[in-house]
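Novice: Quick one: structure below, then a few questions.
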Amino acid sequence: IIFNSDYADKLVFLGGTALRIIYGNTRFSEDLDFDNLGLNETDLIQLGNVIKTNLELEGLNVEIKTVTHKAYRIKIKIPKLLFNIGLSPLPEQKILLQVDTAPQNFDYIPEKPFLNKFEIFTRIFVVPKDLLLSQKIYTAVNRNRTMGRDFFDIIFLFGRGAKPNYLYLEKHLQIHNQKELKEYLLEKITKFDFKKLTKDVEPFLMYPYERQKVRWFPEYITSSL
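Quick note: the sequence shown uses the working numbering, first residue 60, plus one each step.
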C-alpha cells in the first residue's frame, strides 16, 4: 500500500521487517521502519488515510492514529480480526501494526527490488545490505536496552555477504576499517550477557536452532571478522 501510494519516493524500507520481507531473514519483526526522505506532517496524515482506505477495501475494520511529536508514526489497529479467525477468544483484542519514519541523515542510493510475494507485486525502495549492516552494528551496542535480535540480524547479514558501510560507521562511530570495527565490537560486547540475549530472541525465530547466531556472536566476531 505504502509503495503504491504518492509517497513512495519519500520513504525507504529499513530495519528488521525489511530484512525479513526483502532479504529473507528468518526472524519475525512486527514494526515497519522507514528512512524519511522528506515526508512532512501533512503527508503522514494523508498516508494514514490511504492505508486505512485500502485496508477497508480488503474488508477490515481499521483504526488509524498518526503521531507527529518527536517521531513520525502511524499506528494501525485492526479490531476483532484475531477473534474472527479463531486465534483469540477475546473479541476486543486488536492487532497493532506500527509504521515508523525517521530521517537517517546519511546519503546513499536506495535499492529498488520488486516485491513479488504475498499476492503483492510492486517495486520497493529499500536500504542496501551494507548500510543495513552498519545501522544494525550501531544499534546493537547503543540501545538503552540491549536486544538479541540486533546481533541475530548482524550474523544474518554477514552470512548474506554484506560488508559494512565504513562511511556510515566513520560518521557515527569514528570507525574506518575492519580492524577498528573488530576491536570496537569486542570491547563493547564484553559487558553483554549473550545467554540472556539468546533467550530474548528465541520467541521470534522461525527455526529455534538459529539461536546459536546470538549465543556464539562473540566467538564469530573473534574468529571471522
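For each residue, glycine too, the CB sits at the ideal point set by N, CA and C.
Quick one: residues in its chain with C-beta nearer than 7 Å to the C-beta of Glu100, no 5 flanking neighbours on either side, listed in chain order?
Specialist: Residue mapping note: residue 100 aligns to position 41 of the sequence shown, counting from 1. Around Glu100: Thr127.
Novice: Write down the C-beta distance between Phe263 and Arg202 rounded to the nearest angstrom, noting that I regard them as a contact closer than 8 Å.
Specialist: Counted from its first residue, the sequence shown places residue 263 at position 204. Counted from its first residue, the sequence shown places residue 202 at position 143. Actually they are not in contact, since the Cβ atoms of Phe263 and Arg202 sit about 16 Å apart, beyond 8 Å.
Novice: Less than 8 Å between the CB atoms is what I'm expecting for Arg182 and Gln157, so what's the real figure, rounded?
Specialist: In the sequence shown, the residue the question calls residue 182 occupies position 123. In the sequence shown, the residue the question calls residue 157 occupies position 98. The pair is not a contact, with the Cβ atoms about 23 Å apart (cut-off 8 Å).
Novice: Which residues does DSSP list as the beta-bridge partners of Arg132?
Specialist: Counting from one through the sequence shown, the residue named residue 132 turns up at place 73. Looking at the DSSP assignment, Arg132 forms a beta bridge with Val126, Asp159.
Novice: With Lys171 and Phe184 assumed to form a contact (beta carbons below 8 Å), what rounded beta-carbon distance in angstroms separates them?
Specialist: In the sequence shown, counting from the first residue as 1, residue 171 sits at position 112. In the sequence shown, counting from the first residue as 1, residue 184 sits at position 125. Confirmed, about 6 Å.
Novice: Among residues of its own chain, excluding the 5 on either side of Pro162, which ones have a beta-carbon nearer than 8 Å to its beta-carbon?
Specialist: As a working note, residue 162 is residue 103 in the sequence shown. Hits under 8 Å: Asp94, Asn95, Leu96.
Novice: In three-state terms, what does DSSP make of Gly270?
Specialist: Against the sequence shown, residue 270 aligns to sequence position 211. Contrary to the premise, residue 270 reads as Arg rather than Gly in this sequence. In the structure shown, Arg270 sits in a helix (DSSP, three-state: H, G or I).
Novice: When burial is assigned at 16 or more other CB atoms within 10 Å of the CB, is Asp259 buried or exposed?
Specialist: To locate residue 259, count along the sequence shown from 1; it is residue 200. Asp259 comes out buried.
Novice: Could you give the residue range of the alpha helix (DSSP H) that holds Phe215?
Specialist: Taking the sequence shown and counting its residues from 1, one reaches residue 215 at position 156. Residues 207-218.
Novice: Output the boundary residues of the beta strand (DSSP E) element that contains Ile104.
Specialist: On the sequence shown, residue 104 is found 45 positions in, with the first residue counted as 1. No beta strand (DSSP E) contains Ile104, which is instead part of the alpha helix (DSSP H) from 100-116.
Novice: Tell me, please, which residues DSSP counts as bridged to Leu73.
Specialist: Within the sequence shown, the letter at position 14 stands for residue 73. DSSP output for Leu73 lists Asp92 as bridge partner(s).
Novice: Please classify Leu264: does DSSP put it in a helix, a strand, or coil?
Specialist: Within the sequence shown, residue 264 is the residue found at index 205, counting from 1. In the structure shown, Leu264 sits in a strand (DSSP, three-state: E or B).
Novice: Hey, how far is the Cα of Lys136 from the Cα of Glu239?
Specialist: Taking the first residue of the sequence shown as position 1, residue 136 is located at position 77. Taking the first residue of the sequence shown as position 1, residue 239 is located at position 180. The alpha-carbon atoms of Lys136 and Glu239 are separated by roughly 44 Å.
Novice: Between Gly118, Leu103, Leu284, which has its C-alpha nearest Leu244's C-alpha?
Specialist: The residue you call residue 244 lines up with position 185 of the sequence shown. Out of Gly118, Leu103, Leu284, Leu284 has the C-alpha closest to the C-alpha of Leu244.
Novice: If we ignore side chains and look at the alpha-carbon of each, how far apart do Glu269 and Asp252 end up?
Specialist: Residue mapping note: residue 269 aligns to position 210 of the sequence shown, counting from 1. Residue mapping note: residue 252 aligns to position 193 of the sequence shown, counting from 1. Straight-line Cα distance between these residues: approximately 17 Å.
Novice: Quick check on DSSP: helix, strand or coil for Phe276?
Specialist: In the sequence shown, residue 276 corresponds to position 217, counting from 1. Phe276: helix per DSSP, three-state reduction.
Novice: For Glu278 and Ile248, what's the separation of their Cα atoms in angstroms?
Specialist: Position 219 of the sequence shown, counted from the start, is the residue given in the question as residue 278. Position 189 of the sequence shown, counted from the start, is the residue given in the question as residue 248. Their Cα atoms are separated by approximately 11 Å.
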